[in-house]
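full-length UniProt numbering puts the sequence shown at residues 1 to 259.
Glycine included, each C-beta is placed from N, C-alpha and C at the ideal position.
These notes are about the structure you will find just below.
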Amino acid sequence: MFETIELTKRGRIGQLVLNRPNSMNAMNGKMMKELADCFESLQQDSTVQVLIIKGEGRAFSAGGDIKEMMDPENPMDIDVVMKDVSRLAKALYTLPQITIAVIHGASAGLAFSMALACDHVIAEENSKLAMNFIGIGLVPDGGGHFFMKERVGVPKAKQIIWAGQTLKAHDALSKGLIEEVTAEGRGLEHAEIYAAVTIASPLKARLATKHILHQTKVDELVKILEMEAAAQSAMRKSVDHLEGIQAFVEKRKPHFTGQ
């Protein structure tokens, strides 16, 4: 059904795997669209009550696919992509399932926004988490502003976004960005335990609480997604973004001018 992701179901537990391991699960246009389609389809799936999201290979996901952004023959249409990113974020946030993100390796950019949208985030201790859009002259998307603010508040969200630092799992835990840190190679095991405990709980009540808390915030999320899309389109045309991308490709420190 999908080319870049895999969705499997075992009883009331679903597992969604980001499946571009040769690219560290970097999110190209197709993956963004498939994730949006998948989450929207799960909106109507009453058989799945818990969803585990993980990455295949060495990482959860390196974030947006910079190679595709730089492709001169088939350049990424940022306006089309941002529509799928917005669909993805809204559908994930409003899923009628308990969502668990399992992070190993890298979780950067859009992938980190997506993880923060989940109800329970588990990171293996040596994983690297980064809201690092600023490094290439962009702003967080996929609801990154919204999810960061929800977890740590506006002042801390600004500082984390502006710093663009790569955080280890325990740093992210201490900042309130994630719920759990595990030993290397144990993330999925802990996610399956959490899923089993959740399934054995009064799950209908848990889902009702999620619905109540999230529905009051949906309009705000939608507005932020609209603002992120407009800002990202503008940033993509900025001098600083072009410099950030070029410096990334050339593996040098960027020289930003605020243009």
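| Asked | Found |
| --- | --- |
| L110 and M27 look like a contact to me (Cβ under 8 Å); what is the Cβ gap, rounded to whole Å? | 6 Å |
| Name the one or two DSSP bridge partners that K9 has. | G14 |
| Three or more C-beta pairs closer than 8 Å, one from the stretch 58-66 and one from the stretch 16-30: is that the case here? | yes |
| Using the C-alpha atoms, what's the distance from D119 back to H190? | 15 Å |
| Taking the alpha helix (DSSP H) that E228 belongs to, which residues open and close that run? | 218-236 |
| What is the DSSP secondary structure of L167, reduced to helix, strand or coil? | strand |
| Just to confirm, are M131 and F147 a CB contact at a threshold of 7 Å? | no |
| In the structure shown, what three-state DSSP assignment does V102 receive? | strand |
| Taking L88 as the reference, which of A108, K33, T257 has the closest Cα? | K33 |
| Should L42 and L95 be called a contact, given that it needs their Cβ atoms to be closer than 7 Å? | yes |
| Please work out which residues of its chain come closer than 8 Å, Cβ to Cβ, to A229, disregarding the five sequence neighbours upstream and downstream, and give them in chain order. | D79, M82, K83, V85, S86, D141 |
| Could you check whether G244 and G144 sit closer than 7 Å to each other, using their CB atoms as the reference points? | no |
| If you draw a straight line from the alpha carbon of V139 to that of L35, how long is it in whole angstroms? | 21 Å |
| Across the stretch 154-162 and the stretch 213-231, are there enough close Cβ pairs to call them in contact, namely three or more that are closer than 8 Å? | no |
| What residues in its chain sit with their C-beta under 6 Å from that of T8, if we drop five residues either side in the sequence? | Q15 |
| Could you compute how far the alpha carbon of K237 sits from the alpha carbon of S107? | 25 Å |
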